[in-house]
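*Asks:* Here the protein sequences line up with chains F and G, keeping their order.
Following UniProt numbering, the numbering of the first sequence begins with 1 at its first residue and continues without gaps.
Following UniProt numbering, the numbering of the second sequence begins with 1 at its first residue and continues without gaps.
We put the CB at the ideal spot given by N, CA and C, even for glycine.
There are 2 protein chains.
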Amino acid sequence: MATMSFRDAMFLLAESRERPTHVGSLMLFDRPEGAGPDYLADLHRQLVSGDVEIAPLFRRRAMRGVSTLGQWAWTTDDDVDIEYHVRLSALPRPGRIRELLELVSRLHGSLLDRHRPLWEFHLIEGVEGDRFAVYSKIHHAMMDGVRAMKHLEKALSTDPDRRDMAPFWAVDPRPGRTSRPVGEKAPAPTGWLGSTREYVGGALRTAGTFAEGVGQSLNVGPALVSSAYRGLVEHELALPFEAPPTMLNVPITGARRFAAQSWPLKRIQRVRERTGTTVNDVMLAMSAGALRRYLEAHEGLPDKPLVAALPVALEDSGSGNALGAILVNLATNEPDPAERLKKIRQSGLAAKENLQGRDPMTIAALSAVVAAPIGMGLVPGASAINQGFNLIISNVPGPKDPLYWEGAKLDGIYPISVPLDGQALNITVMSYADSMEIGVTGDRRAVPHLQHLLGYLEDALVELEAVADADA
Amino acid sequence: MATMSFRDAMFLLAESRERPTHVGSLMLFDRPEGAGPDYLADLHRQLVSGDVEIAPLFRRRAMRGVSTLGQWAWTTDDDVDIEYHVRLSALPRPGRIRELLELVSRLHGSLLDRHRPLWEFHLIEGVEGDRFAVYSKIHHAMMDGVRAMKHLEKALSTDPDRRDMAPFWAVDPRPGRTSRPVGEKAPAPTGWLGSTREYVGGALRTAGTFAEGVGQSLNVGPALVSSAYRGLVEHELALPFEAPPTMLNVPITGARRFAAQSWPLKRIQRVRERTGTTVNDVMLAMSAGALRRYLEAHEGLPDKPLVAALPVALEDSGSGNALGAILVNLATNEPDPAERLKKIRQSGLAAKENLQGRDPMTIAALSAVVAAPIGMGLVPGASAINQGFNLIISNVPGPKDPLYWEGAKLDGIYPISVPLDGQALNITVMSYADSMEIGVTGDRRAVPHLQHLLGYLEDALVELEAVADADA
Numbered sequence: 001m002a003t004m005s006f007r008d009a010m011f012l013l014a015e016s017r018e019r020p021t022h023v024g025s026l027m028l029f030d031r032p033e034g035a036g037p038d039y040l041a042d043l044h045r046q047l048v049s050g051d052v053e054i055a056p057l058f059r060r061r062a063m064r065g066v067s068t069l070g071q072w073a074w075t076t077d078d079d080v081d082i083e084y085h086v087r088l089s090a091l092p093r094p095g096r097i098r099e100l101l102e103l104v105s106r107l108h109g110s111l112l113d114r115h116r117p118l119w120e121f122h123l124i125e126g127v128e129g130d131r132f133a134v135y136s137k138i139h140h141a142m143m144d145g146v147r148a149m150k151h152l153e154k155a156l157s158t159d160p161d162r163r164d165m166a167p168f169w170a171v172d173p174r175p176g177r178t179s180r181p182v183g184e185k186a187p188a189p190t191g192w193l194g195s196t197r198e199y200v201g202g203a204l205r206t207a208g209t210f211a212e213g214v215g216q217s218l219n220v221g222p223a224l225v226s227s228a229y230r231g232l233v234e235h236e237l238a239l240p241f242e243a244p245p246t247m248l249n250v251p252i253t254g255a256r257r258f259a260a261q262s263w264p265l266k267r268i269q270r271v272r273e274r275t276g277t278t279v280n281d282v283m284l285a286m287s288a289g290a291l292r293r294y295l296e297a298h299e300g301l302p303d304k305p306l307v308a309a310l311p312v313a314l315e316d317s318g319s320g321n322a323l324g325a326i327l328v329n330l331a332t333n334e335p336d337p338a339e340r341l342k343k344i345r346q347s348g349l350a351a352k353e354n355l356q357g358r359d360p361m362t363i364a365a366l367s368a369v370v371a372a373p374i375g376m377g378l379v380p381g382a383s384a385i386n387q388g389f390n391l392i393i394s395n396v397p398g399p400k401d402p403l404y405w406e407g408a409k410l411d412g413i414y415p416i417s418v419p420l421d422g423q424a425l426n427i428t429v430m431s432y433a434d435s436m437e438i439g440v441t442g443d444r445r446a447v448p449h450l451q452h453l454l455g456y457l458e459d460a461l462v463e464l465e466a467v468a469d470a471d472a
Numbered sequence: 001m002a003t004m005s006f007r008d009a010m011f012l013l014a015e016s017r018e019r020p021t022h023v024g025s026l027m028l029f030d031r032p033e034g035a036g037p038d039y040l041a042d043l044h045r046q047l048v049s050g051d052v053e054i055a056p057l058f059r060r061r062a063m064r065g066v067s068t069l070g071q072w073a074w075t076t077d078d079d080v081d082i083e084y085h086v087r088l089s090a091l092p093r094p095g096r097i098r099e100l101l102e103l104v105s106r107l108h109g110s111l112l113d114r115h116r117p118l119w120e121f122h123l124i125e126g127v128e129g130d131r132f133a134v135y136s137k138i139h140h141a142m143m144d145g146v147r148a149m150k151h152l153e154k155a156l157s158t159d160p161d162r163r164d165m166a167p168f169w170a171v172d173p174r175p176g177r178t179s180r181p182v183g184e185k186a187p188a189p190t191g192w193l194g195s196t197r198e199y200v201g202g203a204l205r206t207a208g209t210f211a212e213g214v215g216q217s218l219n220v221g222p223a224l225v226s227s228a229y230r231g232l233v234e235h236e237l238a239l240p241f242e243a244p245p246t247m248l249n250v251p252i253t254g255a256r257r258f259a260a261q262s263w264p265l266k267r268i269q270r271v272r273e274r275t276g277t278t279v280n281d282v283m284l285a286m287s288a289g290a291l292r293r294y295l296e297a298h299e300g301l302p303d304k305p306l307v308a309a310l311p312v313a314l315e316d317s318g319s320g321n322a323l324g325a326i327l328v329n330l331a332t333n334e335p336d337p338a339e340r341l342k343k344i345r346q347s348g349l350a351a352k353e354n355l356q357g358r359d360p361m362t363i364a365a366l367s368a369v370v371a372a373p374i375g376m377g378l379v380p381g382a383s384a385i386n387q388g389f390n391l392i393i394s395n396v397p398g399p400k401d402p403l404y405w406e407g408a409k410l411d412g413i414y415p416i417s418v419p420l421d422g423q424a425l426n427i428t429v430m431s432y433a434d435s436m437e438i439g440v441t442g443d444r445r446a447v448p449h450l451q452h453l454l455g456y457l458e459d460a461l462v463e464l465e466a467v468a469d470a471d472a
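1. Could you check if residue 109/F is buried or exposed, using at least 16 other CB atoms within 10 Å of its CB as the buried criterion?
2. Between which two residues does the alpha helix (DSSP H) containing residue 54/G stretch?
3. In terms of residues, what are the limits of the beta strand (DSSP E) holding residue 442/F?
4. Which residues in chain G sit within 9 Å of residue 294/F, going by Cβ to Cβ distance?
5. Name the chain G residues whose beta carbon is nearer than 7 Å to that of residue 85/F?
6. Identify, in the order they occur along the chain, each residue of the same chain with its Cβ nearer than 7 Å to the Cβ of residue 91/G, setting aside the five sequence neighbours on each side.
7. On the DSSP letters alone, give me the boundaries of the alpha helix (DSSP H) that residue 333/F sits inside.
8. Relative to the C-alpha of residue 290/G, which residue among 425/G, 74/G, 81/G, 345/G is closest?
9. Below 8 Å between beta carbons: does that hold for residue 50/G and residue 82/G?
10. Quick one: what does DSSP say residue 67/F is sitting in, helix, strand or coil?
11. So, with DSSP's three-state summary, where would you put residue 26/F?
12. In the structure shown, what three-state DSSP assignment does residue 465/G receive?
13. Taking just the CA atoms, how far does residue 449/G sit from residue 21/F?
14. What does DSSP give as the partner residue(s) for residue 119/G in the beta ladder?
15. Can you name the residues of chain G whose CB is closer than 9 Å to the CB of residue 126/F?
16. For residue 16/F and residue 420/F, what's the separation of their Cα atoms in angstroms?
17. Consult DSSP for residue 6/G and reduce its assignment to one of helix, strand or coil.
18. Considering only C-alpha positions, which residue in the set 6/F, 133/F, 264/F is nearest to residue 44/F?
19. Hey, is residue 74/G's beta-carbon within less than 8 Å of any beta-carbon in chain F?
20. Per the DSSP calculation, residue 310/F is bridged to which residue(s)?
21. Which chain F residues sit within Cβ distance under 8 Å of residue 37/G?
22. Under 7 Å between beta-carbons, which chain G residues line up against residue 255/F? List them in chain order, please.
23. Would you call the CB atoms of residue 394/G and residue 429/G closer than 8 Å?
24. Is DSSP giving residue 283/G helix, strand or coil here?
25. Straight-line CA distance for residue 156/G to residue 147/G?
26. Below 6 Å CB to CB, which residues in the same chain sit around residue 61/F once its five sequence neighbours on both sides are set aside?
27. List, in order along the chain, the chain A residues whose C-beta lies closer than 9 Å to that of residue 67/G?
28. Could you please give me the residues that DSSP links to residue 19/F through a beta bridge?
29. Give the secondary structure of residue 400/G by DSSP, where H, G and I count as helix, E and B as strand, and everything else as coil.
30. Measure from the alpha carbon of residue 409/F to the alpha carbon of each residue in 433/F, 170/F, 459/F, then state which is nearest.
31. Who are the Cβ neighbours of residue 89/G in its own chain at under 6 Å, not counting the five residues just before and after it?
32. In the DSSP assignment, find the unbroken beta strand (DSSP E) run with residue 425/G in it and report its ends.
33. Quick check on residue 49/G - is its C-beta less than 8 Å from some C-beta in chain F?
34. Using the rule of at least 16 other Cβ atoms within 10 Å of the residue's Cβ for burial, across every protein chain shown, is residue 152/G buried or exposed?
35. Applying the 10 Å Cβ sphere with the 16-neighbour rule, what's the burial state of residue 460/G?
36. Is residue 474/G helix, strand or coil by DSSP?
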């Protein structure tokens, strides 16, 4: 039995029936050529047959009781009921993406069973176009979304002919992480961190360790976390922005809506090149344009600009969660898309300056303590705190090459995130081969017609392409 | 806004992620002749189209807050998101009953969203044999299982040619119940109550009102309910039996398993006639025989006999819940099936005598207060109380004639009940036309191989048929 770090445990402490704190992913696969009608059922049978060894991480079960002095700890489940975790489902006819998103929204809304290891894996048959889907779900206390996606990828292969592949629960991601010899180069930075790291250089490297220490020392409970946070905000470390209240910043209910779409990476790269910005800037500008349209359509566009929190992966800290964040002004009050992109770009640079003048511990406090999880509305009572941002926009680095699973080609992979009290909408971006995949996760009640955001994202990209053409 | 009776509210108060307190039902339908592949999708579209008026009861939403002084109350949801409540699902191939029970077990394990009216209705396509299924789910705070099944039936018809039928959420069952003029004959007693009423005569008629009063006066909280219960047990009203601890009497987890099967009513009636018992006696003997085999297979058959609590419907009390209970010795320690049936029969008669010597208020206290919900393990801390029974076996009276829905013939209808802390297994029996349908609902962990109980029920009936043949 191992005591859980506070950073992991808080995702259990803060969870409620209205706020499940698991992350998910949706993968779409082409059925291999010549696959019979029982292809997926056979695959399912093989996965639950008991031939697959379950890695220790995926046997871990959360527990607390007298023996742990009431603290959350990890224990090992020696009798994992694999048929509970690995499930076969089907879409109703005609099996369009619409039916798939409907099912995945439902699956993502239900809680994981705390009496078992905190993950599920759903094979879904009946997707039109001779495809099938996989929805997987893992508790944030086990690992954050970036790590979960990375781990899912590891279970895929670039080789279309590989078979009898080990599923993700047969592979323990931890040894590879923790056994890196001293002096060996750390893995390349990822996601928003790519640019963040430019901003802050080596400073961020020590952040994980520090944030971990902060988390541990805050073990006494949410009240202290809240006041620590207030101290940070009220004194030196005032947040750079104040986010305006919007319809997206309300308490949430227990039901979810998820929508997702792929965009050709080339279109985004073309805008980036012609406007002298980064892919991240363009993705944020797409999100900003879409949010502006959405809020206008609901007559709720505030005069002040929306603020996004961008999670960054910190150096490995022994916890499954290594999240910090930076804040970016989305300039949603700017009607001109060219100006909006410029302001977003400038805001990113300002974040750089803001971080540069500070010592590593301050950066860690700003990014790790402020933004995740307190700013995320996880801590009860923290919502009373002045809102620092309107939504979280994550960038999860994805695989560069086309991947396969048991001969089935991965057609698309979409991250599904965690709406929170006060943050009813989440946008997560993920690259895969020559696509940019965007997953939008929201509370079903607070974010009506969430799927319209997909169209608005496309509209925003078209606008940016016009800006790029004008610049050229 | 209307304050909820304590009897209804306790199902919300006691609910947790491990203990959802909704009841369910599974209906199997034959697709009408000539129905095309889109029959169910079209039906679904029609049901969620907005043309269907939602009855006030199914717009009710549970709430509590400052305005209700922290008590649970009913408020009206003026903006019901019907697509959330009425869902279309599908079975993976080959769509056997096995796949259906797997899906229904999952659906039954997830919590209803308290931000919405507490019901769901799932159309399920892809059931082999050209069939489809309906799983519906309603919170116990809204109505008990008997009432829910009755209400579902009302939305069906004996006429195979009827179309454009009002679904159950378009019909409010309450006016019919509450507007019965004084002096008009009460509806015929139902289920176990049929026999219970023989035992206690008119006494039971006033029980509902009294139990309601008890519930209301207990509004102060579970602690007082527990001590009231202890008072009852320790003083005059000691329970007639003490149930032995078994593997079924343990805390439960968040996952469920459900299994169901139909038996020809004729077989049960033949045993009843030849042994001079009642259908209820035979159903209890089947359950007892099955439980004996199951516990033997798990090396957990206690020396002392298992005790079953049999809910009885009480007179209407204005609450959606009108449950009392009697206790019956299942004689599971008796190896001889003939002797076992005899003892079960005698135990039923003893229950009659036990009730007969008491005044109506005492009967109400025994049946309503003792058995439901305190004895049901709903009240936190009540599990420390000496266990009065091992499981609940319910008898839900079903329709006598074959029923149809939009031209689809109802093939089978199975009640799905609520496993509780300390009562990990529930058996519910329901008659329909010339069948006896048995639904077995259990905790997925505490009741391994729950589906084996179906085979054991059949074995027990075969044994009883041998007893009947010997008697003849």
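*Replies:* The short version:
1. Looking up residue 109/F in the first sequence gives position 109. Buried: at least 16 other Cβ atoms inside 10 Å.
2. Indexing the second sequence from 1 puts residue 54/G at position 54. Neither: residue 54/G is in no alpha helix (DSSP H) and is coded neither H nor E.
3. For the purposes of this step, residue 442/F is taken as residue 442 along the first sequence, with counting starting at 1. 435-443 is the extent of the beta strand (DSSP E) around residue 442/F.
4. The sequence position of residue 294/F within the first sequence is 294, counting from 1. Within 9 Å Cβ-Cβ: nothing; residue 294/F doesn't reach chain G, min ~19 Å.
5. Locating residue 85/F in the first sequence gives position 85, counting from the first residue. In chain order: nothing, as chain G lies at least about 10 Å away.
6. For the purposes of this step, residue 91/G is taken as the residue at position 91 of the second sequence. Correct list, in chain order: 99, 100, 103, 124, 126, 127.
7. Taking the first sequence and counting its residues from 1, one reaches residue 333/F at position 333. First-last for residue 333/F: undefined, no H or E at that position.
8. Position 290 of the second sequence holds residue 290/G. Closest option to residue 290/G, Cα to Cα, is 425/G.
9. Residue 50/G sits at position 50 when you count from the first residue of the second sequence. Residue 82/G sits at position 82 when you count from the first residue of the second sequence. Closer than 8 Å, so yes.
10. On the first sequence, position 67 is the one that residue 67/F refers to. Helix.
11. For the purposes of this step, residue 26/F is taken as residue 26 along the first sequence, with counting starting at 1. The answer is strand: DSSP assigns residue 26/F an E or B state.
12. One-based indexing of the second sequence puts residue 465/G at position 465. Correct three-state label for residue 465/G: helix.
13. Along the first sequence, read from residue 1 onward, the residue named residue 21/F stands at position 21. Along the second sequence, read from residue 1 onward, the residue named residue 449/G stands at position 449. Computed Cα separation, rounded: 31 Å.
14. Locating residue 119/G in the second sequence gives position 119, where the first residue counts as 1. Residue 119/G pairs with 138/G.
15. Along the first sequence, read from residue 1 onward, the residue named residue 126/F stands at position 126. Chain G residues near residue 126/F: 90, 92, 93, 126.
16. Stepping through the first sequence from its first residue, residue 16/F is reached at position 16. Stepping through the first sequence from its first residue, residue 420/F is reached at position 420. Roughly 11 Å between the two C-alpha positions.
17. Here residue 6/G is taken as the residue at index 6 of the second sequence, counted from 1. DSSP places residue 6/G in helix when its eight states are reduced to three.
18. Taking the first residue of the first sequence as 1, we reach residue 44/F at position 44. The shortest C-alpha separation from residue 44/F is found at 133/F.
19. Here residue 74/G corresponds to residue number 74 of the second sequence, with the count starting at 1. Chain F contact via Cβ: absent.
20. Looking up residue 310/F in the first sequence gives position 310. Partner(s): 326/F.
21. The residue labelled residue 37/G in the question sits at position 37 within the second sequence. Residues of chain F passing the Cβ test: 93.
22. Here the question's residue 255/F lines up with position 255 in the first sequence. Within chain G, the residues near residue 255/F are 84, 113.
23. Numbered from 1 along the second sequence, position 394 holds the residue referred to as residue 394/G. Numbered from 1 along the second sequence, position 429 holds the residue referred to as residue 429/G. In contact: residue 394/G and residue 429/G (Cβ atoms closer than 8 Å).
24. Position 283 of the second sequence, counted from the first residue, corresponds to residue 283/G. Looking at residue 283/G - three-state DSSP - the assignment turns out to be helix.
25. For this step, residue 156/G is matched to residue 156 along the second sequence. For this step, residue 147/G is matched to residue 147 along the second sequence. Those two C-alpha atoms are separated by around 15 Å.
26. As a first step, residue 61/F must be located in the first sequence, where it is residue number 61. Hits under 6 Å: 75, 77, 117.
27. The structure shown contains no chain A; the protein chains it does contain are F and G.
28. Looking up residue 19/F in the first sequence gives position 19. Its beta-bridge partners are 16/F.
29. Residue mapping note: residue 400/G aligns to position 400 of the second sequence, counting from 1. Three-state DSSP puts residue 400/G in coil, outside helix and strand.
30. Against the first sequence, residue 409/F aligns to sequence position 409. Selected option, being the one with the closest Cα: 433/F.
31. By 1-based counting over the second sequence, the position of residue 89/G is 89. Around residue 89/G: 122, 124.
32. Indexing the second sequence from 1 puts residue 425/G at position 425. 425-432 is the extent of the beta strand (DSSP E) around residue 425/G.
33. Here residue 49/G refers to the residue found at position 49 of the second sequence. Not closer than 8 Å to any Cβ of chain F, the Cβ of residue 49/G fails to qualify, so no.
34. Position 152 of the second sequence holds residue 152/G. The residue is buried, with at least 16 neighbouring Cβ atoms inside 10 Å.
35. Indexing the second sequence from 1 puts residue 460/G at position 460. Answer is buried; the Cβ neighbour count reaches 16.
36. Because chain G is modelled from 1 through 472, residue 474/G falls outside the range shown and cannot be assessed.
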